[in-house]
Every structure is written in structure tokens, then in C-alpha cells.
Amino acid sequence: MGIDKNIQNMIGIVTIQIEGFFTERFINLCKINNIKIWDIRNIVKGVIRFKMNISDFKKLRKIARKTKCKVKIKEKKGLYFKFHKYRNRKLIFILVFLMICFSILFSTFVWNIDIRGNEYVTNEQIEQALKNSGLYVGRNKLTLNTTEVINNFRIEISDITWIGIELDGTKAIVNIVEKTRLDKSAVQETSVGDIVADKSGIITKVVPENGTSKYKVGSYIEEGMVAIEGKIYSEHFEPIDVTAKGIVMVDTEYNYEKEYNYEDIQKEYTGKKRYSLGISINSKEFMLNYLNKNKKYDINKYSKCINIFGNSISFDWYSCNEYVENSIMYNKEELLNIVEQDTQNYLENNIFTNCKNPTLKSKDVMVEDTINGILVKTKYVVNEQIGKFVERGENAPE
Numbered sequence: 002m003g004i005d006k007n008i009q010n011m012i013g014i015v016t017i018q019i020e021g022f023f024t025e026r027f028i029n030l031c032k033i034n035n036i037k038i039w040d041i042r043n044i045v046k047g048v049i050r051f052k053m054n055i056s057d058f059k060k061l062r063k064i065a066r067k068t069k070c071k072v073k074i075k076e077k078k079g080l081y082f083k084f085h086k087y088r089n090r091k092l093i094f095i096l097v098f099l100m101i102c103f104s105i106l107f108s109t110f111v112w113n114i115d116i117r118g119n120e121y122v123t124n125e126q127i128e129q130a131l132k133n134s135g136l137y138v139g140r141n142k143l144t145l146n147t148t149e150v151i152n153n154f155r156i157e158i159s160d161i162t163w164i165g166i167e168l169d170g171t172k173a174i175v176n177i178v179e180k181t182r183l184d185k186s187a188v189q190e191t192s193v194g195d196i197v198a199d200k201s202g203i204i205t206k207v208v209p210e211n212g213t214s215k216y217k218v219g220s221y222i223e224e225g226m227v228a229i230e231g232k233i234y235s236e237h238f239e240p241i242d243v244t245a246k247g248i249v250m251v252d253t254e255y256n257y258e259k260e261y262n263y264e265d266i267q268k269e270y271t272g273k274k275r276y277s278l279g280i281s282i283n284s285k286e287f288m289l290n291y292l293n294k295n296k297k298y299d300i301n302k303y304s305k306c307i308n309i310f311g312n313s314i315s316f317d318w319y320s321c322n323e324y325v326e327n328s329i330m331y332n333k334e335e336l337l338n339i340v341e342q343d344t345q346n347y348l349e350n351n352i353f354t355n356c357k358n359p360t361l362k363s364k365d366v367m368v369e370d371t372i373n374g375i376l377v378k379t380k381y382v383v384n385e386q387i388g389k390f391v392e393r394g395e396n397a398p399e
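Just so we're aligned, residue 2 is where the sequence shown starts under my numbering, counting upward by one.
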């Protein structure tokens, strides 16, 4: 019953207002005649509003004559009214019909392959092996034998222990189980290599747990230079190669620059939406544009793409949100408050998220007046831990 109700609501709902001396009798007669009404509200004395399905609206005529009440439609919602509005535009209905036919046809094909569970075997390798085995984007599901694909795939890639293929609509879900490999940390434990700087800055702390520090506190180190060498030196024996370990802390400098204008144009959405259809052939769009040219819209596009004889064709659905542009004027003090918030957000969301154990050492903000506003230059100095392990080889940094 809940599904039937949702379908009726989608097809068409009207908000009705009745006026008269016998409104209560009107409501009672609706219930006696099995006319479903809900959200009944008493506006003022003798005026009542309620909602009902469009399919029951004609039944109100007889009741209105009996009770001598006036019936008005206050609001309309649903597909019935949308289609009624565009009833003279036959091209839209033809396109909708074609889209439905194409959707049914293309739902029998695989349009997306979701690969899960792989770590060291790349998606590109798996997709190529699946294609060679008979599963690829555009393959008809009706003629697809998953058992045959799995058997051929395991011959293509020997590093795969198990593979499962599940068809979900137009998507093929491929679950992968790879052969066990040594963990990277385990490899590092037995590998000879160095701790290399992955950022530039002034060293504030260096603690070589294993290996030899190449720089002292206060030295400037550039990205790519060896901070802790994987060697142990002694006067009594030759240098010993080890796995470098340790902590390197540096002061790193970050810069943020942005211009702020006293006049800012902001969008205010009116809540009105318009919809349109279109078709794209080889990235060339053809949109049935019924938008008001005197108004502005944010347009979101949703597409279903297919390939026919080497041509890329997509059926497009446009959702257009109407908005108006409002001009807002700021004074310098208000702009500085916005600057303070933006610089703090940049520190937390752009700098700290990419740092390990960060601490803000200093934050210098320079403000320059421009013709239309101010130019803000911000310099951050952040103390953070740097360094990555690089296995020693022919291309190892020095």
C-alpha cells in the first residue's frame, strides 16, 4: 500500500481550498464516498484546505453542489501537471520515449566494471586481462559466461588466487584475492637504505635511531637530500650498511596569497527549478533550451553515454537551479575578518592535512591596499616531521 501511495503522489497531488457554510459536511461526504484526503487544516471560519490525489478531483463536483461550497485549487504537484504543461511540445515526449527504449536496451549491457580487493596488481592490468577473457565495457550480459571469463582470467594473471564476478544491473563487480606478498614494512626491515627529505626546511631536531645523521640542527636541507644515511661508521672497522631509521623535524615555510574585493557578487537561489533534455554526439551538445534568457541558472547535467559505430552518443538530462546575483559591499574591517577565517582554514585544511606531527611556529600576514580591495600575503612556518625511506640502489640520492 505504501508503494501505491508513493506512485499516486508522484503522478499528481493537488492542494484544495473549500469555502462555504457546510465545510464539515463536505469533509464527511468525502469520507463516505471513499475520497482520500489528508493534511486537513482550518484556515479561518468557513475555509478549509486539504490535499488529495488528482485522480479523485472530479468526484468533488457532486459534493460541492450538494454542500454549496466553492472549490479552488491552491497548489499542483506531480508528473501529470508537468506533462500537461508541455503537452504541445511533442518532441519532448518523443525523446522521452526514445530514452526509455534505449535505457531498456542498454540495461542488458555492462557499462561499468568495479574492481575490488587488488593492491599491487593495477586496475589497468586487471581490465586488460578481463577484456582478453571476454568481459569488457559494452559486453552484452545475456551472452556472458562468467565461469568461462574466470577460468581465462586466472590464466592471464598468475598473481591472482581467486576471482569472483557479480552482475549488478549494468555494473560488473569483480572481487580479487591476490597472492600474499611481503609487507612493505617487513621489506624495509631487511633492506639497506636511507631516510630522504621529502620537504625542504631548517632542521630543528634529528634523532638517528639506526644510521648516521648527515646534517646538524640549524642546517638547511632540501627535498631529495639524504637526512639519515643507512651506514654506521667506526674507526675500528669498515662502514656497515644498515636500514636507516630516525626522526627528522624541520621548520617548513608555506605561502598563501589571495586578493579580496570590497564588492562581492553572491548567488541567491530562488528555489525554482527547470528541467530540460538533450543529446550529445561526439561531445557536441544539442539541448532543448526552454530557459528564460533574462534569468540565470546553475545547470547540472546527467548523462547516459553509449558508443555506436565508433561515435560517442549520450542522452542528457539537465537540472537548472534559478538564482539572482546580489552585490554585497564590505569595508576593510569586514574583509580582514574574512581574511582571518580563510587563513586559518587554509592552515588546517591545506597545510596540516599534508604534514606529520605539525606545530605552527609563526603566521605572518601582510595586507596591501589595491584599487578594488586588499591583497593578502600570508607566510606560515610549521615545524613538522619529514623523511621517507628510500632503498639504496643505482638511483639512490646522495
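Idealized CB from N, CA, C, for every residue including glycine.
Go through its chain and collect everything with a Cβ distance to residue i's Cβ below 6 angstroms, but skip five positions before and after it.
i	result
L183	Here the model assigns L183 a pLDDT of 47, short of 50, so the residue's position is not dependable, and the following value carries that caveat. Closer than 6 angstroms at Cβ, skipping near neighbours: no residue.
S78	Strictly speaking, residue 78 in this sequence is Lys, with Ser absent from that position. Closer than 6 angstroms at the Cβ level, and outside the excluded window around K78, lie I14.
I49	I19, T24, N43
E223	S201
V368	I375, V377
S214	V207, I229
Quick one, which of the options has its alpha-carbon nearest residue i's?
i	options	result
S159	I127, M330, L348	I127
L131	E230, D115, E120, V150	V150
E157	K172, N133, V178	N133
R62	A198, I36, D40	I36
Y381	N373, T344, E369	T344
D265	L336, V377, I38, I204	L336
I74	I55, I164, T123, K67	I55
G194	M226, G170, K333	M226
V122	I164, N332, T147, I95	I164
I212	S192, V138, D57	What sits at residue 212 in the sequence shown is Gly, not Ile. When each option's Cα is compared against that of G212, the closest is S192.
L372	E349, G219, K333	The question names Leu, but residue 372 in the sequence shown is Ile. Closest by alpha carbon: K333.
T379	N346, T360, R393	N346
E210	K246, G231, G219	K246
A173	N295, M288, Y137, F103	Y137
T16	I28, K67, K46, E76	E76
N308	D57, F103, G47	F103
F58	V45, K46, I38, G47	I38
K285	Y270, I166, N312	N312
Thinking C-beta only, is residue j closer than 9 angstroms to residue i?
i	j	result
Y263	Y319	no
K200	I352	no
K297	V325	yes
I161	K206	no
V208	F390	no
S235	I229	no
I339	Y261	yes
I282	I329	no
D40	K52	yes
E258	L376	yes
L96	I280	yes
N113	T171	yes
I204	Y221	yes
V243	G231	yes
L292	L92	no
L168	T147	yes
G135	N124	no
CB-CB under 7 angstroms to residue i, same chain, minus the five flanking residues each way: which ones, in chain order?
i	result
C356	V383, E385
V188	In this prediction, V188 has a pLDDT of 45, which is less than 50 and means its spatial position is unreliable; what the coordinates show is noted afterwards. Counting only Cβ-Cβ distances below 7 angstroms, and skipping sequence neighbours, we find nothing.
K60	N34, I36
M100	F316
R155	I161, I164
D5	Any reading at D5 must be qualified, since the residue scores a pLDDT of 49, below 50, and its modelled position is unreliable; no value is offered.
K268	Y324, E326
N358	E385, Q386
Just to confirm my understanding: we take residue i, look at its own chain, exclude 5 residues before and 5 after, and list those with CB closer than 8 angstroms. What are they?
i	result
K71	I19, E20, G21, A65
S186	Any reading at S186 needs caution, since the residue's pLDDT is 49, under 50, leaving its predicted position unreliable; the model's value is listed next. Correct list: empty, nothing qualifies.
K274	S320, C321, N322, E323
K69	G21, F22, F23
F287	G279, I280, S281
L27	The question names Leu, but residue 27 in the sequence shown is Phe. Excluding sequence neighbours, F27 sits near I19, G21, I49, I64, A65, T68, C70.
N396	Here the model assigns N396 a pLDDT of 46, short of 50, so the residue's position is not dependable, and the following value carries that caveat. Excluding residues within five positions, none has a Cβ falling inside 8 angstroms.
Report whether the distance from the Cβ of residue i to the nearest heavy atom of the ligand FAD is below 8 angstroms.
i	result
I241	The ligand FAD is not among the ligands present in this structure, which contains no ligands whatsoever.
Would you say residue i reaches chain D, if we count a Cβ-Cβ gap shorter than 9 angstroms as a contact?
i	result
N119	The question asks about chain D, but that chain is absent: this structure has only one protein chain.
Taking one C-beta from the region 106–113 and one from the region 127–142 each time, how about it: are there three or more such pairs within less than 8 angstroms? Segments in contact, yes.
Counting beta carbon pairs with one atom in the region 172–179 and one in the region 112–122, are three or more of them shorter than 8 angstroms? Yes: at least three Cβ pairs fall under 8 angstroms.
Are the region 357–374 and the region 297–304 touching, with three or more C-beta to C-beta distances below 8 angstroms? With a cut-off of 8 angstroms, the region 297–304 and the region 357–374 do not count as touching, because too few Cβ pairs lie within range.
Taking only runs of the beta strand (DSSP E) that begin and end inside the region 275–354, which ones reach a length of at least 3 residues, in chain order? Note on the region 275–354: whole beta strand (DSSP E) runs with a minimum of 3 residues are 285–288, 297–309, 312–330, in chain order.
Runs of alpha helix (DSSP H) lying entirely within the region 92–168, each at least 4 residues, in chain order: The qualifying runs are 124–134, 147–157.
Which parts of the region 187–272 are runs of the beta strand (DSSP E), unbroken and 3 residues or longer, counting only runs that do not cross its ends? Within the region 187–272, the complete beta strand (DSSP E) runs of at least 3 residues are 194–197, 202–211, 227–230, 246–262.
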